[in-house]
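Start counting the sequence shown at 889; every next residue gets the next number (my numbering).
For every residue, glycine included, the Cβ atom is placed at its ideal position computed from N, Cα and C.
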Amino acid sequence: MPNQPEFPTAESLRIRFTRDQIQSRVREMGRHIREDLHGESVVLVGVLKGAAICLADRGRAINLDCTFDFVAVSSYKSGTRSSGAVQLIKDLTEPIEGRHIIVVEDILDTGVTLSFLQSHFERHNPRSIRVAALLDKPSRRIRPIQGHYIGFSIPNEFVVGYGMDYAERYRNLPDIRILDSIPAS
889 MPNQPEFPTA ESLRIRFTRD QIQSRVREMG RHIREDLHGE SVVLVGVLKG AAICLADRGR
949 AINLDCTFDF VAVSSYKSGT RSSGAVQLIK DLTEPIEGRH IIVVEDILDT GVTLSFLQSH
1009 FERHNPRSIR VAALLDKPSR RIRPIQGHYI GFSIPNEFVV GYGMDYAERY RNLPDIRILD
1069 SIPAS
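Dropping the structure here:
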């Protein structure tokens, strides 16, 4: 059997945001969404896999009539840098024409994926498209896209937990932690 990379233990990773800080910010973002939509229904579109946890928590926090849908895209393969080319792996299952859409992302990084998705969704004539991202890394932006609802702005650090991963690991951590050293493959 080939040597498996040595992954740091979750406990050894520095905490960037605790679960309490995350939940407090998610509730606040939910309040802003409720206020902006004035009681109208919304479709929360989660970008798999990272946004699954964010979407569930956000859905509970907004207290509006909402439905969930998911898309899956790929731009990272298994590394820490985006390839720059976005591939749609799974599209929406329900029509969004005339509906308010909130694209739920774990992190707004280069903007490449969200620019691609926004363009893709606009072809389906939604009533509005907004972006909700728990984390924003503006220093890495290469496409001019802004989130409407942002949880926290962070420096250029590789973070894991609360749905975010490295090589499919660490998604289940309730806190957001910093992965300082990337395991050799």
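Using CA coordinates, which residue listed in the options is at the minimum distance from residue i?
| i | options | result |
| --- | --- | --- |
| residue 1015 | 937, 935, 943 and 988 | 988 |
| residue 905 | 1059, 1057, 1060 and 1050 | 1050 |
| residue 1024 | 1040, 1032 and 1011 | 1040 |
| residue 960 | 984, 983 and 991 | 991 |
| residue 927 | 993, 1048 and 918 | 918 |
| residue 938 | 1067, 1011, 1065 and 1048 | 1048 |
| residue 979 | 936, 995, 898 and 1031 | 936 |
| residue 1038 | 912, 902, 897 and 894 | 912 |
| residue 1064 | 940, 1013 and 910 | 910 |
| residue 930 | 993, 984, 908 and 997 | 984 |
| residue 1017 | 1032, 986, 994 and 908 | 986 |
| residue 974 | 900, 993, 898 and 1002 | 1002 |
| residue 1052 | 996, 894 and 1013 | 996 |
| residue 955 | 934, 941 and 962 | 934 |
Assuming residue i contacts residue j under a Cβ cut-off of 8 Å, what Cβ separation, rounded to an integer in Å, is found between them?
| i | j | result |
| --- | --- | --- |
| residue 859 | residue 1027 | Residue 859 lies beyond the residue range present for the chain, which begins at 889 and ends at 1073; the question has no answer from this structure. |
| residue 943 | residue 932 | 6 Å |
| residue 999 | residue 1021 | So it is not a contact: roughly 10 Å between Cβ atoms. |
| residue 953 | residue 981 | Rounded, the Cβ-Cβ distance is 18 Å, inconsistent with contact. |
| residue 1066 | residue 1045 | 5 Å |
Who pairs with residue i in a beta bridge, going by DSSP?
| i | result |
| --- | --- |
| residue 932 | 956 and 990 |
| residue 995 | 1023 |
| residue 1037 | 1020 |
Would you identify the three-state DSSP class for residue i, choosing helix, strand or coil?
| i | result |
| --- | --- |
| residue 962 | strand |
| residue 1007 | helix |
| residue 908 | helix |
| residue 1017 | strand |
| residue 915 | helix |
| residue 942 | helix |
| residue 977 | strand |
| residue 922 | helix |
| residue 1049 | strand |
| residue 1059 | coil |
| residue 902 | strand |
| residue 1064 | strand |
**Study point:** Stretch pair the segment 998-1013 + the segment 947-954: three plus CB contacts closer than 8 Å
**Key:** no
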